[in-house]
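First the structure, in the form of structure tokens, and then the observations on it.
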Amino acid sequence: MSGIVTGPAGPLAVVTGGAGGIGRAVTAALTRTGHRVLSVDREPAADPTAHAALVADVAVPAQVERLFAEVHQRYGLPAVLVNNAGVYPARDFLDYDPTTYAEVLDVNLGATFFGTLAYARALVAAGRPGTVVNVASISGQSGSPDAAYGASKGAVIALTHSLGRALAGHRIRVNAVAPGLVDTPMADRIPADRRDDYRARIPVGRFGTPAEIAAAVAWLADPASSYVTATVLDVNGGLH
Ligand code: NAD
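Residue numbering for the sequence shown follows our numbering, starting at 12 and increasing by one per position.
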């Protein structure tokens, strides 16, 4: 893990997948609401709105544990964790192989599970409250042409319901945002003909922007949503 420190003081937030389309928008939104954001990604990426950019592969539980130990030691205990890192191989089911399956599950589900575990243990040990926001997907509700992706996001939704209830007594809220289709590098992986087909089915007639997803994440991270936990917020332009 390495980092470059910039930015103002404020409550600490960790955003995984911080170098991606939605991650950058979440970092900007949380910075605007006064957070010091630690943007974590496996790719080193400078982000002028982040307090620090950290490098870790969150699909590896040992790296996640080390990340949270180092964050705690160097910056303090985060008030917010956004589990946003994700991969979408856009692989047809019949072309799947065990390596790609493991990567999808390890990033989309494993990083969310073990990131929340490391964070919750630190909060509980310190007797402090906290907030987790998971970035799920409409694919976890209605399926996906990439079956492993859909399954991983469905599991993130179930995990959100489970952990929201399990951690409520520790004053830790756990919620998720379920985006529909959002204009980011990930959505560029969808073949062009499928993109047009999807767009035609979205009631508002367009893909979402990263900022529209980030606004929902920021609300779930804010004390304004203090009575909301174990909930999945759909942000999908009416697509179901
Ligand atoms: P993106 O590809 O722009 O960003 C994903 C980021 O995650 C990248 O910066 C990548 O380097 C990082 N990442 C991947 N594996 C990692 C790992 N092992 N360790 C650390 N970082 C890792 O994609 P995005 O659209 O911004 O996606 C963000 C989240 O939103 C993902 O969880 C995705 O599944 C979800 N989502 C996206 C869409 C969409 O249409 N774009 C729709 C629904 C949900």
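We put the beta carbon where it would ideally sit given N, CA and C, even for glycine. Small disclaimer: the values here were computed from a predicted structure and weren't measured.
Own chain, CB closer than 7 Å to residue i, minus 5 neighbours either side, in chain order
i	result
V115	V98, P100, A159, Y160, S163
T44	A229, D233
A122	T27, V69, A70, V75, N94, A96
A56	A30, A64
T240	G175, A179, R184, V185, N186
D108	none
Beta-carbon proximity check, residue i vs residue j, cutoff 8 Å
i	j	result
R205	G248	no
N95	V37	yes
A67	P22	no
T171	V243	yes
P140	R182	yes
A24	H83	no
V146	L231	no
L92	Y130	yes
A258	A40	Past the edges of the chain, shown from 12 to 251, lies residue 258, and the structure says nothing about it.
I168	G154	no
Proximal residues to residue i (C-beta, below 8 Å), its chain only, five neighbours per side dropped
i	result
D194	G32, F218, G219, T220, P221
I213	G191, L192, N247, G248, G249, L250
D58	G29, A30, R35, T38, S50, A64
P9	Outside the displayed span of the chain (12 to 251) sits residue 9, for which this structure offers no information.
L237	Residue 237 is actually Ser in this sequence, not Leu. Only R184 meet the Cβ criterion.
T111	P100, R102, A159
P72	G121, F125
For residue i, the three-state DSSP class (helix, strand or coil)
i	result
L92	strand
P234	helix
V228	helix
D199	helix
M127	Residue identity differs from the one stated: residue 127 is Thr in this sequence, not Met. The answer is helix: DSSP assigns T127 an H, G or I state.
R182	coil
V146	strand
D245	strand
T220	coil
L174	helix
Residue i beta carbon near the ligand GDP (any heavy atom closer than 7 Å)
i	result
I33	The model on display carries the ligand NAD but not the ligand GDP.
CB-CB length for residue i against residue j, believed under 8 Å
i	j	result
T27	G126	6 Å
R53	A20	About 27 Å; that fails the 8 Å criterion.
A137	L88	6 Å
Sequence-distant residues of the same chain with beta carbon closer than 6 Å to residue i, five excluded per side
i	result
D245	A189
N119	G97, S163
Y86	L23
Q) What are the start and end residues of each continuous beta strand (DSSP E) run of 3 or more residues lying completely inside the segment 47-122, in chain order? A) Taking only runs of at least 3 residues, the beta strand (DSSP E) segments lying wholly in the segment 47-122 are 47-52, 63-66, 91-94.
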